[in-house]
Structures are given as structure tokens and as C-alpha cells.
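See structure below.
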Amino acid sequence: MADHGAEKPREIILTACSAIADQLSKDGFSFLKSGPKLKRKARDLTHNIHFQSDRNNVAGRRAAMWIHASVSSDIMARWRLENPMPWNGTHKPSLAIITGGQIGNLLPNSSWMEWNFADISRRAAQIDEATTAIRTIMLPFFALFETPATAVETLIHYPALWQSNLIEYALAHVGRDAARHAMRQYLAANPRIHARYDEALTYIRLRGPITHRGDTGAELAMIASIHAFDLRDI
């Protein structure tokens, strides 16, 4: 049961986000309280850090927060407008997204990570731990995109990321051969997704385009079909 006289979880979390933002301001991030999120521009790229409250937070007992990252690119948005997928609209922010996810998914072996600020005696330590996690996990993740080929070669092996988006990024920034090679690597390492990819290719040949998202194998099959990859190599 909630303690109605206790601090409200939302207020606790916003204060924690502000403290994290203060520490990361030296890294070039600005704080948008309405998100709440942190944002940093790096030439064509935008680095976003989103803070999400657990809907099960309870006053006086739980004030948990999850942290997510995303990278977006104006070039990526323009490329998608010129090379549309059936499920893409024309809304620039979504078209610009390259990839991202919960902070624990930005590691080769994904995990769920959260910070709980309910205990006032541990709150400062939790803020420091969250800031350290951002610096040691998210900032290196953002840095990968300074060299697109490195980003693709590294992140294609991270199972929890948006790999169809990453293949589009490879097409836009590295080239068709690199995108095809990355897709081949990913499918070889993920037999179940490869099986769905093969099923989707058959569907596309017989019935036409797949127009919805949510199935990585099908999304990759549509990319391969639209961009005329040599499917025998995949």
C-alpha cells in the first residue's frame, strides 16, 4: 500500500534525472524535463537518453527508473524517404531513428537494468551508479556511430537491438555489400529468425509485400527483396 505522506515517485525520479543531467552536461547533453530526456547533437547525429518510470512505482516503497538510448540521423531520415519501406510513414523523427534500446540491451549479452531511488539513504549512490552506467555503456555506444562501418560490424551481433534498422543504416551509410554481409552474419547466428526470413521470402514471392513491422525475419526479407540482395548468398 502506498504511503500517502511519502514523496511521490515521479517527483523523486525527476529530481534524480536532473542530478544525472547535471553530471552529464560536461559531456554535451542538455536536459529536457518534459521527456524527461537528455539530448546531444553530434553533426548529423542526435544522441537521445530517455528516462522511463516504472508504472508499478509506489510512494514510500518504489521509485524505479529505466534508461533507454537512441541514435537518430537526418541523413537516415532523407534516405528512408527516398527508399521507403511499406511500414514507414513520412514522420521525420521516426524515420531518423537508427537503433537503440534499454541500456542493458546495448551490451553484447543483454540484461535488464533499473535504478530505484525510493530509499533516501541510497539515492545519491543510485544517481552516481546510473550516471556511471550511462558513461560506460551509452557513451561508447554513441561513439560507435562516428564510424558507420564500425557501428554496423559491432552492433549486428547484439541480439536485442533493432537489426532491420541497422541494415537500413548500413545501406545508407556504408553500402550495399556491407549491408548484405551484415545481414548474412546476423541470420547465420540466429537460426529461428533465418527460418522466418525464408518463410517471409516465400510469402513475398507468392503474395507480395509485407506491410507491417514486428517480425525481424520478415522485415529483413523485405529489405533483401526491395534492395535486390543476392538471396542465394543469404
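Position one of the sequence shown corresponds to residue 45 (the working numbering), numbered consecutively onward.
No residue lacks a Cβ here, since even glycine has one placed at the ideal position from N, Cα and C.
With H, G and I counted as helix, E and B as strand and the rest as coil, what does DSSP make of N127? Against the sequence shown, residue 127 aligns to sequence position 83. Looking at N127 - three-state DSSP - the assignment turns out to be coil, as it is neither helix nor strand.
Helix, strand or coil for A65, going by three-state DSSP, please let me know. Numbered from 1 along the sequence shown, position 21 holds the residue referred to as residue 65. Three-state result, A65: helix.
Using the C-alpha atoms, what's the distance from A216 back to W123? As a working mapping, residue 123 is identified with position 79 in the sequence shown. As a working mapping, residue 216 is identified with position 172 in the sequence shown. Rounded to whole angstroms, W123 to A216 spans 6 Å at the Cα level.
Which two residues bound the contiguous alpha helix (DSSP H) that contains F185? Here the question's residue 185 lines up with position 141 in the sequence shown. Start and end: L183 to L188.
Tell me the DSSP secondary structure of S208 in three-state form. Along the sequence shown, read from residue 1 onward, the residue named residue 208 stands at position 164. Note: S208 maps to helix in three-state DSSP.
T175 and L76 closer than 8 Å at C-beta: Against the sequence shown, residue 175 aligns to sequence position 131. Against the sequence shown, residue 76 aligns to sequence position 32. No, the Cβ-Cβ distance between T175 and L76 is not below 8 Å.
DSSP three-state assignment for I171, whether helix, strand or coil: Along the sequence shown, read from residue 1 onward, the residue named residue 171 stands at position 127. Three-state result, I171: helix.
DSSP-derived helix/strand/coil call for V115: Taking the sequence shown and counting its residues from 1, one reaches residue 115 at position 71. Strand, per DSSP.
Which same chain residues end up closer than 6 Å to G72 when comparing Cβ atoms and leaving out the 5 residues on each side of it in sequence? Locating residue 72 in the sequence shown gives position 28, where the first residue counts as 1. Same-chain partners within the cutoff: R84.
Report yes or no: do three or more beta-carbon pairs, one from the stretch 109 to 122 and one from the stretch 150 to 168, lie closer than 8 Å? yes
Alpha-carbon to alpha-carbon, S208 and I237: Position 193 of the sequence shown, counted from the start, is the residue given in the question as residue 237. Position 164 of the sequence shown, counted from the start, is the residue given in the question as residue 208. Taking the straight line from one Cα to the other gives about 12 Å.
Between S74 and the rest of its own chain, which residues show a CB-CB distance below 6 Å, the 5 nearest in sequence each way excluded? By one-based count along the sequence shown, residue 74 stands at place 30. So the list reads K83, once near-sequence residues are dropped.
By a C-beta neighbour count over all protein chains shown, 10 Å radius and 16 as the cutoff for buried, is G252 buried or exposed? Working through the sequence shown from its first residue, we reach residue 252 at position 208. Exposed, by the Cβ-count rule.
Which of the three DSSP states is assigned to M157 in this structure? Walking along the sequence shown from the start, residue 157 turns up at place 113. If DSSP states are grouped into helix, strand and coil, M157 belongs with coil.
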